[in-house]
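Written below as structure tokens is the structure these notes are about.
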Amino acid sequence: MPTKPKSPYLPFGDQQTAPWYGKNILSVKQFNRADLEYIFSVAHEMRVMVERIGTFDLLKGKILANLFYEPSTRTFASFMAAMQRLGGAVIPISEVRYSSVAKGESLPDTVRTLAAYADVIVLRHPEVGAAALAAQFAGKPVINAGDGVGEHPTQALLDVFTVKEELGRLDNLTVTMLGDLKYGRTVHSLARLLTRFDNIKLNYVSPELLRMPREVMEEVAEKGIPQKEYTVLDEVLPVTDVLYVTRVQRERFDNLEEYEKVKDAYVITPKTLEKAKQKMIVMHPLPRVNEIDMEVDKDPRAAYFRQMEYGLYVRMALLAMVLGKA
Ligand code: CP
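According to the numbering used here, the sequence shown holds residues 1106 to 1431 in order.
This is the structure:
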């Protein structure tokens, strides 16, 4: 009979001395390359453990408060699954209208309350800076699961982990981001995070209305990363290693007429990919609407559903780290 593998994390017993113990995860700006390599090594081990034994008791007795003020499928469910696969429990709040938020309770008071019951708080909120505000009041680790058009750091971490697992390297890459680069917070975090690696080239393909924000481009430029903007994908697709497609974010538009003008600006089809390298990947944070034809799903280069799964392993790693078990 096969023996049950031992968790590589249990020997790190003294949680107070673990380097990430009690830390917040608010922005990709807080991670250097060594941090990323560490997170990805823990995430890879989590993948191995899930594939071999499914669930294990690393975080038994710990409680996660999963507090979402905006809709989510993947982030909400993968944080829940991550905690449960590590043997912990979850307070799920995905409908804040059924919580005391509906009575006018402030974010600081809601966070103080949940911190009294839980060991870690995951927060998605429509306002930029909400996770940083929550962290001031929680006294427990807060993980930013998306703050308006600001950042989505755990998505960026899982995106980079996907590239590592799929292409086997994080240096010497041409990454092309396509679609809504203005409102798509995942590309803001991803562009910043990719500056930690060597010989990265970034291409931004978008309608004029949805260009990458200047402040993100300036931050990336300060790190010496070459960036070019395009309106046509064909110009850069043949040299692209990672094509990162995004949804046009209807919910962020003040003027829906403008949304109608740009919503179908780019649609990836099997014909589009005829011009792409054989060894490249197509990523998307999901959900998709029309921007990738379902026929593309059959192409082995379509990595977006595998990418979604990698999110589970990265979020398991982050929970274990901030709770002092990795
Ligand atoms: N990628 C992502 O954040 O998906 P959800 O909105 O479903 O969480």
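Ideal Cβ positions, reconstructed from N, Cα and C, are used throughout, including at glycine.
By the criterion of a C-beta distance shorter than 6 Å, Arg1217 is surrounded in its chain by Phe1242, once the five residues flanking it on both sides are discounted. Across the set Ser1311, Arg1274, Val1321 and Glu1270, the C-alpha of Val1321 shows the shortest separation from the C-alpha of His1293. Remark: the C-beta of Ser1177 is in contact range of ligand 1, defined as less than 6 Å to any heavy atom.
Counting only the Cα atoms, Ile1144 lies some 7 Å from Ala1422. In the DSSP assignment, Ile1397 falls outside any alpha helix (DSSP H) and carries neither an H nor an E. Runs of the alpha helix (DSSP H) lying entirely within the stretch 1230–1300 and spanning at least 4 residues, in chain order: 1235–1243, 1258–1272 and 1290–1299.
Judged by DSSP in its simplified three-state form, Val1419 adopts helix. In the structure shown, the three-state DSSP call for Tyr1371 is coil. Three or more beta-carbon pairs separated by less than 8 Å are not found between the stretch 1266–1282 and the stretch 1247–1256, which leaves the two stretches without contact. In the three-state reduction of the DSSP assignment, Met1322 falls in the helix class. Beta-bridge annotation (DSSP): Pro1197 is paired with Asn1171. In the DSSP assignment, Val1350 falls within the unbroken beta strand (DSSP E) covering Val1347 to Val1350.
Here the alpha carbon of Lys1287 sits roughly 37 Å from the alpha carbon of Ala1221.
CA-to-CA, the gap between Glu1363 and Arg1319 works out to about 20 Å. In the pairwise beta carbon analysis, the stretch 1378–1390 is classified as touching the stretch 1405–1416: at least three pairs are separated by under 8 Å.
In the DSSP assignment, Ile1144 falls within the alpha helix (DSSP H) that extends over Arg1138 to Ile1158.
Beta-bridge partners of Ile1330 (DSSP): none assigned. Remark: the C-beta of Pro1231 is outside contact range of ligand 1, defined as less than 6 Å to any heavy atom. In this structure, Lys1328 lies near Thr1300, with their beta-carbon atoms less than 7 Å apart. A distance below 6 Å between beta-carbons, with the five flanking residues on each side excluded, links Asp1264 to the following residues of its chain, in chain order: Leu1295.
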